[in-house]
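S.K.: Dumping the structure here so I can ask a few things about it.
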Amino acid sequence: MRIRNASCSKTRTMAAILIFSASAILSAAGLIGGFIKSFGSAGMLSLLEPPPARADQRSTRAYSPPEPPPAHAEESIPRVFVLGIDGMDPKLLERFVAEGKMPNFAAFMNAHSYTPLGTSIPPQSPVAWSNFITAMDPGGHGIFDFIHRDPGRYMPKFSAASLEPPKRVWRIGGWEIPLSKGEALLLRRGKAFWQILDEHDIPYTIFKIPSNFPPADCEGMTLSGMGTPDLLGTYGTFSFYTDDPSFMSLEVSGGEIYNVAVVNGKITADLIGPDNTLKAGHPALMRAFTMYIDRENATAKLEMGGEKLILGEGEWSPWVPVSFDVVGALKRLHGICRFFLKSTSPYFQLYVTPINVDPSKPDLPICTPSDYSKRLYEKVGYYYTQGMPEDTKALEWGVFDERDFLSQTRFVLEERMRLLDALLEDFRDSEGLMFFYISTLDQATHVLWKDMDPEHPGYRETSICKDAIENLYVKMDSVLGVVQERIPPNTTLIIMSDHGFAPFYKKFNLNAWLYQNGYIRLRKPEEIGQHPLLTNVFWRRTRAYALGINGLYINRRGREGRGAVTTGREYKALLDELEQKLLAVRDPETGDPVIAHVYRSSEVYHGAAVETTPDLIIGYHRKYRSSDESALGELSKEIFSINTSQWSGDHCMAHDEVPGVLLVNKPLMVDDPDLKDLSVSILALYGIEKLPEMAGRVVFGP
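Sequential numbering of the sequence shown, starting at 734, is according to the numbering used here.
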C-alpha cells in the first residue's frame, strides 16, 4: 500500500469494493499484489442491525444452557475428538518421529493407525477443508481455488464468501442511511457434516475450521476460522508507524505503513478503522493515540482513550480493546489489537496487529450461537478472531524480522493452547464431537521452509530459524500429549491434516507459457508485464488463460464474455493438445519435468458446480508452483523465475506430492483414505448414513 503521513490518514486510498484483489484473495496462499478490501466497511455497518428474521436468514439466537442429551437407545452418545493440524506433512512427521523428537506421536503410531491422507485436487486449504466438511469434491461444494472468476468479465473474485450490500440507501444531507440489511454469504455448497449431526441430536463444537465464514447455520457451537476477516473486512491488515526513511518508498500488501514524526519525544497518530459508509465520501473511522518515547531507557508509553501502557523494545502489549464511533456514541464498531514496540532508536518503529473483531462484542457473524465467541472470551480473555493470525506478510515485507515473527507465532500458539484447555474442560463433561484447529504449523512452514533446506535458493547459513519448523512439530507432539491426557476414556481420537508440504524453488508463469506458445494474444505485445488482471489480452484471438493458483480456463464461446473456442471437437482437441504440451514442459536449467498431472475437471470433479470450475487443473511437481503474477492473470516476460522470497514452502502442487496425515485410535479398513472419507466415517461412528451426494467411504473399523 502507499505510504501515508499518519497525521493525514484521511487520504487513505483503499476502495471499499466487494471483490477481493490480489493479496486479499491470496494472502493465505502467500501471494502478493495490490490490496483492496474484501468485504469493506459497507458490509461491516450494514450487518450491525439485522431486520426482523425471515425464514431464509441466518439465526442470531443467543446461547441458552444445553438441555440434557437425548437418550440414544441405552447407550450414551459416543465422544469423538478431531485435532486438525493444518499443513502437517507425513515426510516431516515420520522424520522427526524416527529421530525420537515426537514421543507422543511415535507411541500413538505404534499403538493405533497411521497413514498419509489423500488430499484435494488442487491441494489448496479452502478446497481441502471443504472436501472434509462436505465429503464432496469441488464439483459438489463449488470451492476449487482461493480465486474464482467471473467468466463474463474475466475478473477474479474471492471463492469462499461474498457480501450482499444493502439494496436501498437513503441519502440525506451528509449521510447515507441503509434501509435494508446487507448479508455475508458462505459460498461453499452442500451440507456440513455437523449440520447432519444436528438432525440426529448429536452435540458438537467446531472450533476455527477453515472455509466456514460466515458460519453455516446450525444448532451447535462453532467459531469461524480461515476466511474470517478483520474489522476492516480484509484477511488481515497490519499497521506500521515509523520515521525510518528506508520504509518510505516501500509498497506492501497486507499492511499499511504510516510516516510519523517524533516531536519532543512524542508522536501522535491515528489507528485506522473501516470506512464510515454512513457518511458521504466514506471517510475512514479513526482512533487517535499518542506515544511518549524514552529513547534513553528504550521504552515508550502508549495512551489511547482511557488505555495507558508502557512497552519496552521488543515487547508486546496485551490485547487492547478499541471502538470506532460511527454515529457519535450511538453506534460503534468494536475491535481489539496488540501493539509491538519494535524500536525506539535510531528510528521509532511500532507494529499494530490487524484490528480483530472483538469476540466479546462481535460485529460480524463469526460464531453460532451468536454469543459463543463471548462465552469463550469470558473463559480465556481476548483472542484472535481473524482467520489466519500468523502475520506472514509483516515478515515478507521486512516489518518483522525472523525473531519478531517467531515471537508473534509463539503467542498465537500459546493463546490457542489456552482455548484448547478451556474446550477440553468442556469436553470432559459432555458428549458428541469436538473439532479443534491449529494454523501455526502451516503458516510457519510456508515462510520458514528455506531456513531448514540447504538446497533452497533462499537458504541462509546464519538463519536463527533453522530449527523453527522442527520445534513446531515438537510442540504439536506436546499438544497431542495434552489432548490424550485430557479426553475421556473411550473417546475416538482423530489427528488429521488437510495437506502436506513441499519446497518451492521455482515459479512458473503459466500465462507467460500460454502466450509464448500462441494460446494467448495481446493487444499490445510490447507492454507485456505492465498490465494487471489480463487487461492486455486480445480475447477474440485467445484460446486459453490462467487465473488462480492451479486453474487453466479455455476461452469458450457462450461461457466467457468474448469466447473464441467452440464446444465439441475444437474444445476437446485443445484440451488434448494443452495436456500433452504441459506434461512435456522441462526446467531449462535442470531438465526436470515441471508438471506432474494435468487434471480435467470433467473427470476428477462430480456435481452441479463442475461447469464453474477451470477446464484443466495444473498439478506441479515438488519444487515448482505457479508464480504470483500468473495466479492473478498477469504475464511476465520470462516463464521461469527463481523463488528467493520468504514464502518458500508450499502445497499448491499435484495432490499426490503433498498428502496430509491421518492418525486414529481405530483400525483402518482401506489403504488409501481420503479427506472425503473422514466426515462420512465420523457420521458412521454415530450410526448415521451418508447423504447420496457424499463421495466418501466409511474407513474406520470397530
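Glycine is no exception: its CB is placed at the ideal position from the N, C-alpha and C atoms.
On a CA-only basis, which of 1013, 943, 1037, 1083 is nearest residue 971? Give me that one, please.
M.R.: If you number the sequence shown from 1, residue 971 lands on position 238. Among 1013, 943, 1037, 1083, the Cα nearest to that of residue 971 is on 1083.
S.K.: When you compare the region 1162-1179 with the region 816-827, are there three or more beta-carbon pairs, one atom per stretch, that lie closer than 8 angstroms?
M.R.: Touching, yes, given that three or more Cβ pairs across the two stretches are closer than 8 angstroms.
S.K.: Output the residue ranges of the beta strand (DSSP E) runs that lie fully inside the region 1271-1301 and measure 3 residues or longer, sorted by chain position.
M.R.: Qualifying beta strand (DSSP E) stretches, in chain order: 1277-1279, 1284-1287.
S.K.: Nearest-angstrom Cα distance between residue 1265 and residue 1367?
M.R.: The residue labelled residue 1265 in the question sits at position 532 within the sequence shown. The residue labelled residue 1367 in the question sits at position 634 within the sequence shown. Each residue's Cα considered, the two are about 5 angstroms apart.
S.K.: Got a sec, what are the start and stop residues for the beta strand (DSSP E) residue 1416 sits in?
M.R.: Looking up residue 1416 in the sequence shown gives position 683. That residue, residue 1416, is in no beta strand (DSSP E); its alpha helix (DSSP H) goes 1408-1418.
S.K.: With a floor of 3 residues, list each beta strand (DSSP E) that falls wholly inside the region 1368-1411, ordered by position along the chain.
M.R.: Taking only runs of at least 3 residues, the beta strand (DSSP E) segments lying wholly in the region 1368-1411 are 1373-1375, 1393-1397.
S.K.: Grouping DSSP H, G and I as helix and E and B as strand, with all else coil, what is residue 1194?
M.R.: In the sequence shown, the residue the question calls residue 1194 occupies position 461. In this structure, residue 1194 counts as coil in the three-state DSSP scheme.
S.K.: Between the Cα of residue 811 and the Cα atoms of 1148, 883, 1415, 1191, which residue gives the shortest distance?
M.R.: Here the question's residue 811 lines up with position 78 in the sequence shown. Taking only the C-alpha atoms, the option nearest residue 811 is 1415.
S.K.: Is residue 1084 helix, strand or coil when you go by DSSP?
M.R.: The residue given as residue 1084 occupies position 351 in the sequence shown. Strand at residue 1084.
S.K.: Are the region 1276-1284 and the region 1395-1410 touching by the rule of at least three beta carbon pairs closer than 8 angstroms?
M.R.: Short answer: they don't touch.
S.K.: Identify the residues that DSSP records as bridge partners of residue 951: which are they?
M.R.: Translated into positions along the sequence shown, residue 951 becomes position 218. Note: residue 951 sits in no beta bridge, so no partner.
S.K.: The beta strand (DSSP E) with residue 1076 in it runs from where to where?
M.R.: For this step, residue 1076 is matched to residue 343 along the sequence shown. 1072-1076 is the extent of the beta strand (DSSP E) around residue 1076.
S.K.: Give the DSSP-derived three-state secondary structure of residue 873 in the structure shown.
M.R.: On the sequence shown, position 140 is the one that residue 873 refers to. Helix, per DSSP.
S.K.: What residues match up with residue 895 in a beta bridge as DSSP calls it?
M.R.: Counting from 1 along the sequence shown, the entry for residue 895 is found at position 162. Answer is 918.
S.K.: Grab the span of the beta strand (DSSP E) containing residue 1237 for me, first residue to last.
M.R.: Working through the sequence shown from its first residue, we reach residue 1237 at position 504. Taken as a continuous stretch (DSSP letters only), the beta strand (DSSP E) holding residue 1237 covers 1235-1241.
S.K.: Since residue 818 sits in a beta bridge, which residues does DSSP pair it with?
M.R.: In the sequence shown, residue 818 corresponds to position 85, counting from 1. For residue 818, which the question treats as bridged, DSSP gives the partners 1171.
S.K.: In this structure, does DSSP put residue 890 in helix, strand or coil?
M.R.: Residue 890 sits at position 157 when you count from the first residue of the sequence shown. It is a strand residue.
S.K.: Does the count of Cβ pairs from the region 858-867 and the region 1253-1270 closer than 8 angstroms reach three?
M.R.: They do not touch, by the three-pair rule.
S.K.: Whole angstroms is fine: what's the gap from residue 1348's alpha carbon to residue 1386's?
M.R.: As a working note, residue 1348 is residue 615 in the sequence shown. As a working note, residue 1386 is residue 653 in the sequence shown. Rounded to whole angstroms, residue 1348 to residue 1386 spans 17 angstroms at the Cα level.
S.K.: Taking Cβ positions, are residue 1016 and residue 964 nearer each other than 8 angstroms?
M.R.: Looking up residue 1016 in the sequence shown gives position 283. Looking up residue 964 in the sequence shown gives position 231. Against a cut-off of 8 angstroms, the Cβ pair of residue 964 and residue 1016 comes out as no contact.
S.K.: Among residues of its own chain, excluding the 5 on either side of residue 1375, which ones have a beta-carbon nearer than 7 angstroms to its beta-carbon?
M.R.: The residue given as residue 1375 occupies position 642 in the sequence shown. Correct list, in chain order: 1190, 1239.
S.K.: DSSP three-state label for residue 1049, please.
M.R.: Start at 1 with the first residue of the sequence shown, and residue 1049 comes out as number 316. Of the three classes helix, strand and coil, the one that applies to residue 1049 here is strand, per DSSP.
S.K.: CB-CB under 6 angstroms to residue 834, same chain, minus the five flanking residues each way: which ones, in chain order?
M.R.: Position 101 of the sequence shown, counting from 1, holds the residue named residue 834. The residues are 1207.
S.K.: Assuming residue 873 and residue 1342 are in contact, meaning their beta carbons sit under 8 angstroms apart, how far apart are those beta carbons, in whole angstroms?
M.R.: Indexing the sequence shown from 1 puts residue 873 at position 140. Indexing the sequence shown from 1 puts residue 1342 at position 609. The pair is a contact, with the Cβ atoms about 6 angstroms apart (cut-off 8 angstroms).
S.K.: Residues bridged to residue 1068 by DSSP?
M.R.: What you label residue 1068 is simply residue 335 of the sequence shown in a count that begins at 1. Answer by DSSP bridge pairing, in chain order: 1055, 1090.
S.K.: Identify the residues that DSSP records as bridge partners of residue 1024: which are they?
M.R.: The sequence position of residue 1024 within the sequence shown is 291, counting from 1. Paired residues: 1000, 1035.
S.K.: When the Cα atoms are used, what is the spatial distance from residue 1389 to residue 1194?
M.R.: Within the sequence shown, the letter at position 656 stands for residue 1389. Within the sequence shown, the letter at position 461 stands for residue 1194. Each residue's Cα considered, the two are about 31 angstroms apart.
S.K.: Using the Cβ count rule (16 or more neighbours within 10 Å means buried), how would you classify residue 1268?
M.R.: Your numbering for residue 1268 matches position 535 in the sequence shown. The residue is exposed, with fewer than 16 neighbouring Cβ atoms inside 10 Å.
S.K.: What is the DSSP secondary structure of residue 1433, counted as helix, strand or coil?
M.R.: If you number the sequence shown from 1, residue 1433 lands on position 700. The answer is strand: DSSP assigns residue 1433 an E or B state.
S.K.: If you run the structure through DSSP and keep just helix, strand and coil, what is residue 1261?
M.R.: Here residue 1261 refers to the residue found at position 528 of the sequence shown. Residue state, collapsed to three classes: coil.
S.K.: Among 1352, 944, 1245, 1373, whose alpha-carbon lies nearest the alpha-carbon of residue 1391?
M.R.: The residue labelled residue 1391 in the question sits at position 658 within the sequence shown. Closest option to residue 1391, Cα to Cα, is 1352.
S.K.: Reducing DSSP to helix, strand and coil, say where residue 1166 ends up.
M.R.: Numbered from its first residue, the sequence shown carries residue 1166 at position 433. DSSP places residue 1166 in strand when its eight states are reduced to three.
S.K.: Buried or exposed for residue 1060, going by 16 or more other Cβ atoms inside 10 Å?
M.R.: In the sequence shown, residue 1060 corresponds to position 327, counting from 1. Exposed: under 16 other Cβ atoms inside 10 Å.
S.K.: For the 8 angstroms Cβ check, are there 3 or more pairs between the region 1116-1134 and the region 1086-1094?
M.R.: Yes, the region 1116-1134 is in contact with the region 1086-1094.
S.K.: When you compare only the Cα positions, how much space is there between residue 1127 and residue 969?
M.R.: Here residue 1127 refers to the residue found at position 394 of the sequence shown. Here residue 969 refers to the residue found at position 236 of the sequence shown. One C-alpha to the other measures close to 10 angstroms.
S.K.: How would you label residue 1405, buried or exposed, when you count the other beta carbons within 10 angstroms and need 16 or more for buried?
M.R.: In the sequence shown, counting from the first residue as 1, residue 1405 sits at position 672. It is exposed - the Cβ of residue 1405 has fewer than 16 other Cβ atoms within 10 Å.
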